[in-house]
Amino acid sequence: MDDPVADVVAQLTAAGIAIEEGPVERTGATGPITSVYLRDPDGNLVELSNYRD
Numbered sequence: 001m002d003d004p005v006a007d008v009v010a011q012l013t014a015a016g017i018a019i020e021e022g023p024v025e026r027t028g029a030t031g032p033i034t035s036v037y038l039r040d041p042d043g044n045l046v047e048l049s050n051y052r053d
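Going by the numbering used here, the first residue of the sequence shown is number 1, and it counts up by one from there.
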């Protein structure tokens with residue numbers, strides 16, 4: 001099974017981008033999601049998430 005969030009985390013880490021938190025399991029608007037949090041260059045918190053099957 002593919003894990004898009006894990007793939008993104010690996011790419012971000014390889015690029016030297018720090019992960020603030022995650023991957024973590026959360027509940028989105030239409031069901032369970034896996035999220036990871038990082039900061040953009042201005043310091044804003046960004047959530048990247050993917051709905052689980």
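We put the beta carbon where it would ideally sit given N, CA and C, even for glycine.
Source: prediction; values computed, not measured.
- GLU21 has its alpha-carbon roughly 22 Å from the corresponding atom of THR30.
- Rounded to the nearest whole angstrom, the C-alpha separation of ARG39 and ALA10 is 16 Å.
- With contacts defined by Cβ atoms closer than 7 Å, VAL36 and ILE19 form a contacting pair.
- The closest CA to that of ASP3, considering only ILE33, GLY28, GLY16, is found on ILE33.
- Under the three-state reduction of DSSP output, THR13 falls in the helix class.
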